[in-house]
Amino acid sequence: MKLGINLEFYGCLQKTLSNEILIAVHVTPNASQSCLLGYDQWTKNLKIAVRAKAEGGRA
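One point on numbering: in the working numbering, the residue at position 27 of the sequence shown is 716, and numbering is uninterrupted.
Rendered as structure tokens:
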């Protein structure tokens, strides 16, 4: 995995009127380990895997 500044990553960030930062993520539940999978340039989401099982559509 190449580390460094990826300006495309900023596509998943949104600043609110109250100066808070929202991060768009796509979470995959029930993974073998929790980790950051990468950035999807098409959906502009961070892809994250978590070990937690989905409950009611939430992980």
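Note that CB positions come from ideal geometry on N, CA and C, so glycine has one too.
Three-state secondary structure (DSSP) at residue 709?
The answer is coil: DSSP assigns residue 709 none of H, G, I, E or B.
Cutting at 6 Å between CB atoms, please list the residues of its own chain near residue 732, excluding the five before and the five after it.
none
Nearest residue (CA-CA) to residue 721, options 698, 705 and 742:
742
Where does residue 746 fall in DSSP's three states?
coil
Buried versus exposed call for residue 724 [16 or more other C-beta atoms within 10 Å across all chains shown]
Around the beta carbon of residue 724, fewer than 16 other beta carbons lie within 10 angstroms, which makes this residue exposed.
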